[in-house]
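**Q**
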Amino acid sequence: MDRQLDAYEPVVGASAISQLRQLAGDLKGARVVHVNSTKEGGGVAEILDWLIPLMNELGLETSWEVVKGEAPFYNVTKSFHNALQGNKVPLTRAMLDTYEATLAENALRLRPILEEADFVFIHDPQPAGLFDLCPNRKGIWVWRCHIDASHPQRKFWVYLKSLVSKYDASIFSMPEFAQSLPHPQFIIAPSIDPLSDKNCPLEDAEVLTTLYKLGIPTDLPILTQVSRFDYFKDPLGVIEAHKLVADSVGARLVLAGGGASDDPEGAAVLEEVREAANGDESVHILELPPDAHRTINALQRASALVIQKSTREGFGLTVTEALWKGKPVIGGNVGGIRQQVHNHHTGYLVNTPQGAALRIQEMLRDPARAGEMGRQGKKFVTENFLLNRHLREYLTLMLGIRRGLTNHLIAH
Amino acid sequence: MAGVDTALNLRELRERLLSCPVECLFHHFCETVIRPTFDDPEFRNDFAVWAARDLQDRVLAERLGIINPYDYTDLEELRQLAVEVIDDRLSEVPYIPWVKMGNDFRFMRAVTVVFDTGLKLDSPDDFVTALSDLSLGSIYYHYVEARRRTDNHTDDFTAWLSEFGKTSEGLIEALAGIDFYFISLKDLRTQLVRATAPFRKETILG
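Respectively, the protein sequence lines represent chains A and B.
Position 361 of the first sequence, counted from 1, bears residue number 364 in the working numbering, the numbering being contiguous throughout.
Position 16 of the second sequence, counted from 1, bears residue number 50 in the working numbering, the numbering being contiguous throughout.
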């Protein structure tokens, strides 16, 4: 991303940009490193894609590092991810050995930069073990958990807690995800970049061309769920909901799944989704490359409403994206979706395929009401979930920790 | 987060309330109004909101909801009052009201970040004119939160206006007449504009 802060002024206002510059004043020259497990695919990579250059523009020397491994490592970290979200997955000593050995290899490469940094942000469980592998740390280490960790599998949490307890602080997306840890915990909700390819305004012609290229007719209202093919996103439940309304209101269902390079489970889930669709021509299953941002943008804009029927969700940036585009959202009543979807205001929270079907019918039959919810959703995202607020909170955290946590922080 | 265990029932809430940092009390009693919400919550502090929505105890919610934290210059007094209200309720109910996992009360504290908005006012006339354009954040910081921040528990507007002597006495009186705690910040801004309207230059000049 090569956009500069001033480009956002027309969207977020001059005062929002001024706030960032004021806060960054005392942090100029600080060396900041973010570490996660992939540069492509998934919400974390999308956030870091804009966060790194904007922090640099504000005068913080910021870099982005990625832990690398072979397939067994990603299988283990996927299990970690699932266990943190509460799934009962086996956790063996062999798995932990694979994880620890891969991180030890990464540490050989990353130690110099991590040990010298003033602030290190470790994103999610995959790189969490780097802390112990960098014994000469000079700076502040923060563990940033993007995942719904409200009910982690206990055995796994005991292990992960032994790694992250040593950090100086942690960040969760919602208070409900925070765990008992012996250091300050901050709540920072994620956000979207309103000018990125995924969220920028598109001409109608581009939207229609995209649909044409993907073979999606415009004869019926389009319902879209955009997410990795992952059981927690419940694509099978979405297909069931679509089947329930197919005869009454008629709609096309688009399930657009991008792969994340650190997600080895996607192919198996995709296969099940295809089986469940059973050749239904009104169901369009799209396997998109990780950089298909404009395609996803067009799909969301072409939709009558957007679905995100997750059964666990850290935050749900696809919900934010849809609301930003003025689309009402039917979302699973979990995690960060609850923070964004407010019944009767920005969409509906549902617990079952039947609940989703009920709300799909309701909104397709009353487009004026759906349109009003879309307008409210866009306003809500503008005020709360754009990148300026997110960046402001990161800077506040850094400044707060550096100056000592007090009730007031004067930016200058 | 405040580093305090969550509360899953009313007895736990009482215990945590007794020991939590005063910053938590301030956050949960005073900063409810600045959180984004679609509902205009019927109660203005988080303890009352939790009692109503999660404990489903409206009697307790009403008793907690009527507490105006700005009536107490010492937050420890506020703590004692809240605990007393809960003790009363615990003595009345046949069982300890509880919530399901996930709806527990989470103790938090907040850092207020103060920015220079670039807006500078030179006179009471400027002040009256600028009020309707002030952000809700500025209104909260200068008119509400200042009462906790300043030694004499007054708002920033009044402190500044009093430097203008007799000319601003009427304005100060108008600001003092607003019952700010039980209304939303949007309504508060409207009331500030309304209360100071008679002092607008064009109003005075007819």
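C-beta: ideal position from N, C-alpha, C; glycine also.
1) Which residues does DSSP list as the beta-bridge partners of W132/B?
2) Between which two residues does the beta strand (DSSP E) containing P308/A stretch?
3) From which residue to which residue does the alpha helix (DSSP H) around Q25/A run?
4) Starting from P70/B, find everything on chain A with Cβ-Cβ shorter than 9 Å and list it in chain order.
5) With 8 Å set as the bound, which would you pick, yes or no: does the beta-carbon of E57/B sit closer than that to a beta-carbon of chain A?
6) Beta-carbon within less than 7 Å of G204/B's beta-carbon, same chain only, minus the 5 sequence neighbours each way: which residues are those?
7) Tell me the DSSP bridge mates of A259/A?
8) For chain A, find out if any of its Cβ atoms is closer than 8 Å to the Cβ of T146/B; answer yes or no.
9) Quick check on the burial criterion: 16 or more other C-beta atoms within 10 angstroms. Buried or exposed for P356/A?
10) With a threshold of 8 Å on Cβ separation, who are the neighbours of T221/A within its own chain once the five nearest residues in sequence on each side are excluded?
11) For H411/A, report the span of its alpha helix (DSSP H) as first-last.
12) Any chance the stretch 218 to 231 of chain B sits against the stretch 138 to 152 of chain B, with 3 or more Cβ pairs inside 8 Å?
13) Can you find the residues in the same chain that come closer than 7 Å, C-beta to C-beta, to Y170/A, ignoring five residues on each side of it along the sequence?
14) For S153/A, which residues in chain B fall below 7 Å Cβ to Cβ?
15) Inspect the CB distances between the stretch 194 to 208 of chain A and the stretch 165 to 180 of chain A and report whether three or more fall short of 8 Å.
16) Got a sec: is the Cβ-Cβ distance from T151/B to anything in chain A below 8 Å?
17) Since Y397/A and L198/A should fall inside the 8 Å C-beta cutoff, what is the C-beta to C-beta distance between them, to a whole number of angstroms?
18) Could you check the C-alpha separation between S18/A and L389/A for me, to the nearest Å?
19) From the DSSP output, in three-state form, read off Y104/B for me.
20) Does any CB atom of chain A fall closer than 8 Å to the CB of R140/B?
21) Can you pull the chain B neighbours of E179/A, defined as C-beta to C-beta under 7 Å?
22) Would G403/A and V145/B be called neighbours here (beta carbons separated by less than 8 Å)?
23) Would you mind listing the beta strand (DSSP E) stretches within the stretch 124 to 180 of chain B that are 3+ residues and don't spill past its ends, in chain order?
24) For L119/B and E46/B, I'd like the C-alpha separation in whole angstroms.
25) If I follow the unbroken alpha helix (DSSP H) through A86/A, where does it start and stop?
26) Per DSSP, what kind of secondary structure is C148/A in: helix, strand or coil?
27) By the DSSP assignment, the beta strand (DSSP E) with I2/A in it spans what residues?
28) Short check: CB of Q311/A to CB of S230/A, under 8 Å?
29) Quick check: what's the CA-CA separation for D5/A versus L217/A?
30) Out of curiosity, what's the CA-to-CA distance linking M241/B and F139/B?
31) By DSSP, does E96/B sit in helix, in strand, or in coil?
32) Helix, strand or coil: how does DSSP classify G253/A here?
33) Span of the beta strand (DSSP E) holding I333/A?
34) Rounded to the nearest angstrom, what separates E110/B and L59/B at their Cα positions?
35) Using a Cβ cut-off of 7 Å, pull out every chain B residue sitting near I413/A, in sequence order please.
36) Quick test of the definition: if touching needs 3 or more C-beta pairs under 8 Å, does the stretch 182 to 190 of chain B touch the stretch 159 to 166 of chain B?
**A** The relevant details are as follows:
1) Reading the second sequence from its first residue, position 98 is the one you call residue 132/B. In the DSSP output, where bridge partners are listed per residue, W132/B has N43/B.
2) In the first sequence, the residue the question calls residue 308/A occupies position 305. According to the sequence provided, residue 308/A is Leu. The question's Pro does not apply to it. Taken as a continuous stretch (DSSP letters only), the beta strand (DSSP E) holding L308/A covers 308 to 311.
3) The residue you call residue 25/A lines up with position 22 of the first sequence. 17 to 27 is the span of the alpha helix (DSSP H), which, as asked, contains Q25/A.
4) Position 36 of the second sequence, counted from the first residue, corresponds to residue 70/B. F383, E386, N387, listed in chain order.
5) Position 23 of the second sequence, counted from the first residue, corresponds to residue 57/B. Under the 8 Å criterion on CB atoms, E57/B is classed as interfacial with respect to chain A.
6) Here residue 204/B refers to the residue found at position 170 of the second sequence. Correct list, in chain order: F233.
7) On the first sequence, position 256 is the one that residue 259/A refers to. BP columns for A259/A point to V229/A, L289/A.
8) Looking up residue 146/B in the second sequence gives position 112. With 8 Å as the cut-off, T146/B counts as an interface residue toward chain A.
9) By one-based count along the first sequence, residue 356/A stands at place 353. Buried is the call here.
10) Stepping through the first sequence from its first residue, residue 221/A is reached at position 218. Excluding sequence neighbours, T221/A sits near L211, L214, A305.
11) Taking the first sequence and counting its residues from 1, one reaches residue 411/A at position 408. First-last for H411/A: 411 to 413, but that is the beta strand (DSSP E), not the alpha helix (DSSP H).
12) In short, these stretches do not touch, since the Cβ pair count stays below three.
13) Taking the first residue of the first sequence as 1, we reach residue 170/A at position 167. Closer than 7 Å at Cβ, skipping near neighbours: F134, W144, V145, W146, H186.
14) For the purposes of this step, residue 153/A is taken as the residue at position 150 of the first sequence. Result: G136.
15) Contact fails: fewer than three Cβ-Cβ distances are below 8 Å.
16) Here the question's residue 151/B lines up with position 117 in the second sequence. The beta-carbon of T151/B is placed less than 8 Å from the nearest beta-carbon of chain A.
17) Mapped onto the first sequence, residue 397/A falls at position 394. Mapped onto the first sequence, residue 198/A falls at position 195. The Cβ separation is near 19 Å, so there is no contact.
18) The residue you call residue 18/A lines up with position 15 of the first sequence. The residue you call residue 389/A lines up with position 386 of the first sequence. Between S18/A and L389/A, the C-alpha separation is close to 14 Å.
19) Position 70 of the second sequence, counted from the first residue, corresponds to residue 104/B. If DSSP states are grouped into helix, strand and coil, Y104/B belongs with the helices.
20) Numbered from its first residue, the second sequence carries residue 140/B at position 106. Chain A contact via Cβ: present.
21) Taking the first residue of the first sequence as position 1, residue 179/A is located at position 176. Near E179/A (Cβ distances below 7 Å), the residues of chain B are G136.
22) For this step, residue 403/A is matched to residue 400 along the first sequence. For this step, residue 145/B is matched to residue 111 along the second sequence. Against a cut-off of 8 Å, the Cβ pair of V145/B and G403/A comes out as a contact.
23) Runs of the beta strand (DSSP E) inside the stretch 124 to 180 of chain B: 146 to 148.
24) Translated into the one-based positions of the second sequence, residue 119/B becomes position 85. Translated into the one-based positions of the second sequence, residue 46/B becomes position 12. Looking at the sequence provided, one finds Val at residue 119/B rather than Leu. Computed Cα separation, rounded: 14 Å.
25) By one-based count along the first sequence, residue 86/A stands at place 83. Boundaries of the alpha helix (DSSP H) around A86/A: 74 to 87.
26) Within the first sequence, numbered from 1, the residue matching residue 148/A stands at position 145. In the structure shown, C148/A sits in a strand (DSSP, three-state: E or B).
27) One cannot answer for residue 2/A here, as it falls past the ends of chain A, which runs 4 to 415.
28) Mapped onto the first sequence, residue 311/A falls at position 308. Mapped onto the first sequence, residue 230/A falls at position 227. With contacts defined as CB atoms closer than 8 Å, Q311/A and S230/A qualify as a contacting pair.
29) The residue given as residue 5/A occupies position 2 in the first sequence. The residue given as residue 217/A occupies position 214 in the first sequence. Each residue's Cα considered, the two are about 29 Å apart.
30) The displayed coordinates of chain B run from 35 to 240. Any statement about residue 241/B would go beyond what the structure contains.
31) Within the second sequence, numbered from 1, the residue matching residue 96/B stands at position 62. Three-state result, E96/B: helix.
32) Your numbering for residue 253/A matches position 250 in the first sequence. Here G253/A carries a coil assignment [DSSP, helix/strand/coil].
33) As a position in the first sequence, residue 333/A is number 330, starting the count at 1. According to the DSSP assignment, I333/A belongs to the beta strand (DSSP E) that extends over 332 to 335.
34) Counting from one through the second sequence, the residue named residue 110/B turns up at place 76. Counting from one through the second sequence, the residue named residue 59/B turns up at place 25. Computed Cα separation, rounded: 9 Å.
35) By 1-based counting over the first sequence, the position of residue 413/A is 410. Contact note: I413/A reaches chain B through V148, using a C-beta cutoff of 7 Å and chain order.
36) Because the criterion of three Cβ pairs below 8 Å is not met, the stretch 182 to 190 of chain B and the stretch 159 to 166 of chain B do not touch.
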